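*Asks:* 360 is the number that UniProt numbering gives the last residue of the sequence shown; the numbers go up by one with no jumps.
Each residue gets a CB set at the ideal place from its N, CA and C atoms; glycine is no exception.
For clarity, every value in this text was computed on a predicted model and none was experimentally measured.
Sending over a structure as structure tokens; questions will come in a sec.
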Amino acid sequence: MDRELACLRVTAVVIGRKSQGDPRVSQRKPKVLVTGADGFIGSHLVEALVRDGYDVRAFVCYNSLGSWGWLDNPASDVVNAFEVVSGDIRDPHGVANAMKGCDIVLHLAALIAIPFSYHSPDSYVATNVTGTLNVLQAARQLGTSRVVCTSTSETYGTAQFVPITEEHPVNAQSPYAATKVAADQLALSFYHSFETPVAVLRPFNTYGPRQSARAVIPTIIGQIAAGKREIMLGALSPTRDFTFVRDTARGFIQAMNCDAALGRATNIGSGFEISIADTVDLIAEAMGVDVQVSQDPERIRPSGSEVERLFAGTAVAEKIFNWSPEFGGRDGFVRGLRETAEWFQDPANLKAYKTDRYNI
């Protein structure tokens with residue numbers, strides 16, 4: 001099948017199934033559920049979907065404060081333009097109810113902090129593995145037209161060759177990574193066993209405004225924005241392929257509309273590899289300051305658990321759903337860092353972070 005036709009077919013099928021007898025309905029876009037919509041990537045994805053004209057339901061983690069996470073204060077152009085449902089990804093009944101009436105599910109809900117997975121691995125199994133199973137079971141029962149599950153570059157472990165293609169062996173080096181490998185395999189098993197229309201998207205090190213302080217870029221920027229000139233970090237030699245959050249959000253939207261993405265894991269990344277030490281230098285330059293780095297032993301991963309090198313091969317995404325990074329290469333990374341730093345330097349945003357402590 002022609003690539004472009006393959007990538008458009010899911011929209012035509014979904015719309016056609018709902019549009020019998022009313023030509024006006026045939027023009028509508030599918031209804032999309034985003035799990036983990038209250039988080040960093042999820043909130044950006046909700047905004048991108050709304051701007052693209054999708055009917056969006058945001059599944060957020062229930063809490064007694066009634067908070068929707070980052071969706072409490074979305075971009076001004078999407079306020080009141082999406083539905084919010086609170087629940088718990090670990091609860092199969094709540095997940096199934098949230099998915100009713102939705103054509104597509106973009107499943108992002110997960111525990112992601114690697115250090116906390118050393119502390120509480122059981123919670124990662126319950127959230128990342130059982131939570132994904134709940135989505136898959138509901139999709140099978142409801143006849144959901146498309147599910148995209150979120151993977152991570154951490155599933156590959158330290159690169160055995162670069163760029164890391166989808167053929168690279170998986171090698172989980174942390175309990176977090178192990179649960180994501182398990183979730184990926186569950187998703188693909190439902191495709192093979194039950195023909196559940198599942199795709200797995202594997203972003204490399206997403207960064208940008210709203211990212212949690214457990215990640216290295218907000219850790220660096222947050223400390224500088226708070227006035228510190230001696231930055232506390234962990235390992236400085238590992239390299240990463242950092243992907244700007246709007247590129248990641250666009251990857252989800254393009255993957256969900258592509259039949260050729262079904263039954264496989266597909267990488268997205270920036271095509272640029274940089275060490276943590278050099279990332280500090282670029283951030284300091286972007287923020288117009290000089291900094292020194294001190295290594296904090298508490299922030300060092302166990303030696304066998306540190307992923308030393310990640311560098312994405314994205315040829316498959318480029319081929320099957322025409323994705324490429326708008327913030328690619330060194331220049332794109334610098335642009336993304338400047339936008340991220342500008343967001344964190346806004347006092348209204350910075351006050352949400354505890355920059356004086358190590359966040360696991």
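Out of Leu-49, Leu-71, Leu-65, Gly-36, point me to the one whose CA is closest to Trp-88's CA.
*Replies:* At residue 88 the sequence reads Asp, which differs from the Trp that was named. Among Leu-49, Leu-71, Leu-65, Gly-36, the Cα nearest to that of Asp-88 belongs to Gly-36.
*Asks:* With a CB to CB cut of under 7 Å and the five nearest residues on each side skipped, what residues in its chain are close to Phe-252?
*Replies:* Leu-45, Leu-106, Val-148, Leu-201
*Asks:* Can you tell me whether Arg-28 is helix, strand or coil according to DSSP?
*Replies:* coil
*Asks:* Check whether the region 100-120 touches the region 158-177, counting contact only when three or more Cβ pairs, one atom from each stretch, lie closer than 8 Å.
*Replies:* yes
*Asks:* Near Glu-308, which residues of its chain fall below 6 Å by C-beta distance, leaving aside the five closest residues on each side in sequence?
*Replies:* Thr-158, Pro-238
*Asks:* If Ala-277 sits next to Leu-236, beta carbons under 8 Å apart, how far is it from one beta carbon to the other, in whole angstroms?
*Replies:* 4 Å
*Asks:* Thinking C-beta only, is Ile-320 closer than 7 Å to Ala-260?
*Replies:* yes
*Asks:* Locate the alpha helix (DSSP H) running through Asn-134, then write down its first and last residues.
*Replies:* 131-142
*Asks:* Have a look at Ile-274, Asp-356, Val-56 and flag the residue whose alpha-carbon is nearest the alpha-carbon of Asp-103.
*Replies:* The candidate whose alpha carbon is nearest that of Asp-103 is Val-56.
*Asks:* In chain order, what residues of the same chain have a beta carbon less than 6 Å from the beta carbon of Val-50, not counting five sequence neighbours either side?
*Replies:* Val-56, Val-78, Ala-81, Phe-82
*Asks:* Our contact map puts Val-245 next to Tyr-207 with C-beta atoms below 8 Å; I'd like the distance itself, whole angstroms only.
*Replies:* 7 Å
*Asks:* Taking Pro-92 as part of the alpha helix (DSSP H), name the residues at either end of that continuous run.
*Replies:* 92-99
*Asks:* Can you have a look at Leu-65 and say buried or exposed, based on whether 16 or more other CB atoms are within 10 angstroms of its CB?
*Replies:* exposed
*Asks:* So is Arg-210 buried or exposed if we call it buried at 16+ other beta carbons inside 10 Å?
*Replies:* buried
*Asks:* Rounded C-beta distance between Thr-132 and Ala-187? I'm assuming under 8 Å.
*Replies:* Yes, Thr-132 and Ala-187 are in contact; Cβ-Cβ is about 6 Å, under 8 Å.
*Asks:* Would you kindly check if the distance between the Cβ of Asn-134 and the Cβ of Val-84 is under 7 Å?
*Replies:* no
*Asks:* Would you call Asn-322 buried or exposed, if buried means 16 or more other Cβ atoms sit within 10 Å of its Cβ?
*Replies:* Per the 10 Å Cβ criterion, exposed.
*Asks:* Could you name the residues that DSSP lists as bridge partners for Asp-55?
*Replies:* Lys-31
*Asks:* So, at 8 Å on beta carbons, what are the nonlocal neighbours of Tyr-358 in its own chain, with the 5 sequence-adjacent residues on each side left out?
*Replies:* Met-232, Asp-296, Glu-298, Arg-299
*Asks:* For Leu-337 and Ala-75, I'd like the C-alpha separation in whole angstroms.
*Replies:* 19 Å
*Asks:* Would you check if the distance between the CB atom of Thr-340 and the CB atom of Gly-269 is smaller than 7 Å?
*Replies:* no
*Asks:* Between the C-alpha atoms of Asp-22 and Gly-234, what's the straight-line distance to the nearest angstrom?
*Replies:* The predicted model places Asp-22 with a pLDDT of 47, which falls under 50 and marks its position as unreliable; any figure quoted below should be read in that light. Straight-line Cα distance between these residues: approximately 59 Å.
*Asks:* Of all the options Tyr-54, Trp-68, Ser-153, which has the alpha carbon lying nearest to the alpha carbon of Val-60?
*Replies:* Trp-68
*Asks:* Identify, in the order they occur along the chain, each residue of the same chain with its Cβ nearer than 7 Å to the Cβ of Pro-163, setting aside the five sequence neighbours on each side.
*Replies:* Phe-311, Ala-312, Gly-313
*Asks:* Buried or exposed for Ala-183, please, with buried defined as at least 16 other CB atoms from any protein chain shown within 10 angstroms of its CB.
*Replies:* buried
*Asks:* Count the other CB atoms, across all protein chains shown, that sit within 10 Å of the CB of Phe-204; report buried if there are 16 or more and exposed otherwise.
*Replies:* buried
*Asks:* Going by C-alpha to C-alpha distance, which of Pro-347, Pro-169, Glu-318 sits closest to Cys-258?
*Replies:* Glu-318
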